[in-house]
Structure formats: C-alpha cells, structure tokens
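Trainee: Input: one structure, supplied below.
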Amino acid sequence: MELSLLTLADIDPETENRIHALFKQLNAVRVPLSPKTILDPKNPVIIACCTLENQIVGVAVMAEYSVISGRKGWIEDVVVDEVHRGKGIGRKLMEFLMNEGRQKGISEILLFTAYHRKPAHQLYQNLGFQKKESQIYTLKL
1205 MELSLLTLAD IDPETENRIH ALFKQLNAVR VPLSPKTILD PKNPVIIACC
1255 TLENQIVGVA VMAEYSVISG RKGWIEDVVV DEVHRGKGIG RKLMEFLMNE
1305 GRQKGISEIL LFTAYHRKPA HQLYQNLGFQ KKESQIYTLK L
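Read in order, the letters of the sequence shown are residues 1205 to 1345 in my numbering.
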C-alpha cells in the first residue's frame, strides 16, 4: 500500500478514469470535475491517493483556506474502492490528510458526510473528529 499526493504531472487518462470510477461509487449522479481542474495551482486543494499493485484504490480531497478564525481544511470525496473496503485504507487516507494539514499549519479540519454512511461516521469519530453542533446550509447555483 502506497500513499501519496497526486500532482498535475500524475494525471493521465488512465488515472483520470480511475478517479472518476471511484467517485461514481461515492455519488453515481454527479458528474465529477477533472483532476486537472481540481489541481489547478490557483485552487488550494490536495488529493491523497492510495495505490495497491499500481492501481488507485482510494482517494480523499482536502481544500485549504484562510478565514478570520484561522487556517482550515475541508475534506470531501473520501472514497475507497468497494473491493478494498474494510482494510484500513480510508483511515490511512484520512491520517495522511491530517498530517498534511498539520504540516501546512491548518488549525481545524472540517468535513461533511451523508447521514447513511455509517462506517464513515465511525471512522471519523475514531480519528477524533467531533460532530459539530451547527446548521449547514447549501445553495445550488
């Protein structure tokens, strides 16, 4: 198992197709953005990936931003291939992003997960994440 950050140089058609296939396991309805768009130097986002036998089997994305209350990270799109779930890959990806956040001086990491993703809830709680008592609103544009 190898964990790494994807770079623009890593994105070829095969890698892009694999990431899109993983994302479809997370959300079959949404059309994913290209990893090249996500990794635009003007977009402060990192993509962690887990590779087994030269195949990407999991990814997790963290956006970085600064606001008055400090430097923060927002984790989204954490997905492990169905075939490889239950092997600790999601935990490794999250720990990898948490470590990257510490190195970048991020003071708080937030994330959202859907209500029905019970194994993800347990993972995040085991990693020390606490459910925030707040209202999250969304506006589709």
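Glycine residues also receive a C-beta, built at the ideal position from the N, C-alpha and C atoms.
If you're wondering where the values come from, they're calculated on a predicted model, not measured in any experiment.
Could you give the distance in angstroms between the alpha-carbon of Q1307 and the alpha-carbon of L1297?
Mentor: For this step, residue 1307 is matched to residue 103 along the sequence shown. For this step, residue 1297 is matched to residue 93 along the sequence shown. Their backbone Cα atoms lie some 15 Å apart in a straight line.
Trainee: What do you get for A1225, buried or exposed, if any count of 16 or more other CB atoms within 10 angstroms of its CB means buried?
Mentor: Within the sequence shown, residue 1225 is the residue found at index 21, counting from 1. By the 10 Å Cβ count, A1225 comes out exposed.
Trainee: Does the distance from the CB of L1361 to the CB of C1254 come in under 8 Å?
Mentor: For the chain, the structure presents residues 1205 to 1345; residue 1361 sits outside this window and is missing.
Trainee: Could you tell me how far apart the beta carbons of V1347 and I1279 are, in whole angstroms, since I believe they sit closer than 8 Å?
Mentor: In this structure the chain extends from 1205 to 1345, so residue 1347 is not present and cannot be described.
Trainee: Taking C-beta to C-beta, are L1230 and V1287 nearer than 8 Å?
Mentor: Residue mapping note: residue 1230 aligns to position 26 of the sequence shown, counting from 1. Residue mapping note: residue 1287 aligns to position 83 of the sequence shown, counting from 1. The answer is no: Cβ separation not under 8 Å.
Trainee: Between which two residues does the beta strand (DSSP E) containing E1280 stretch?
Mentor: For the purposes of this step, residue 1280 is taken as the residue at position 76 of the sequence shown. First-last of the beta strand (DSSP E) with E1280: G1274 to V1284.
Trainee: Mind checking I1293: buried by the 16 CB within 10 Å criterion, or exposed?
Mentor: As a working mapping, residue 1293 is identified with position 89 in the sequence shown. Result: buried.
Trainee: Helix or strand or just coil, what does DSSP make of T1219?
Mentor: Numbered from its first residue, the sequence shown carries residue 1219 at position 15. Taken through DSSP and simplified to helix, strand or coil, T1219 comes out as helix.
Trainee: Give me the residue from D1281, H1325, K1335 and N1303 with the minimum Cα distance to A1232.
Mentor: Working through the sequence shown from its first residue, we reach residue 1232 at position 28. Among D1281, H1325, K1335 and N1303, the Cα nearest to that of A1232 is on D1281.
Trainee: Say whether chain B places a C-beta atom closer than 8 Å to the C-beta of I1313.
Mentor: In the structure shown, chain B does not exist; there is a single protein chain.
Trainee: Please classify M1205: is it buried, with 16 or more other beta-carbons within 10 angstroms of its beta-carbon, or exposed?
Mentor: Within the sequence shown, numbered from 1, the residue matching residue 1205 stands at position 1. Classification of M1205: exposed, given that the 10 Å Cβ count is below 16.
Trainee: Hey, how far is the Cα of K1336 from the Cα of T1219?
Mentor: Working through the sequence shown from its first residue, we reach residue 1336 at position 132. Working through the sequence shown from its first residue, we reach residue 1219 at position 15. Each residue's Cα considered, the two are about 35 Å apart.
Trainee: Beta-carbon within less than 6 Å of L1314's beta-carbon, same chain only, minus the 5 sequence neighbours each way: which residues are those?
Mentor: Your numbering for residue 1314 matches position 110 in the sequence shown. W1278.
Trainee: If you count every other CB in all the chains shown that lies within 10 Å of the CB of G1332, and 16 or more means buried, which is it?
Mentor: Counted from its first residue, the sequence shown places residue 1332 at position 128. Label assigned to G1332: exposed.
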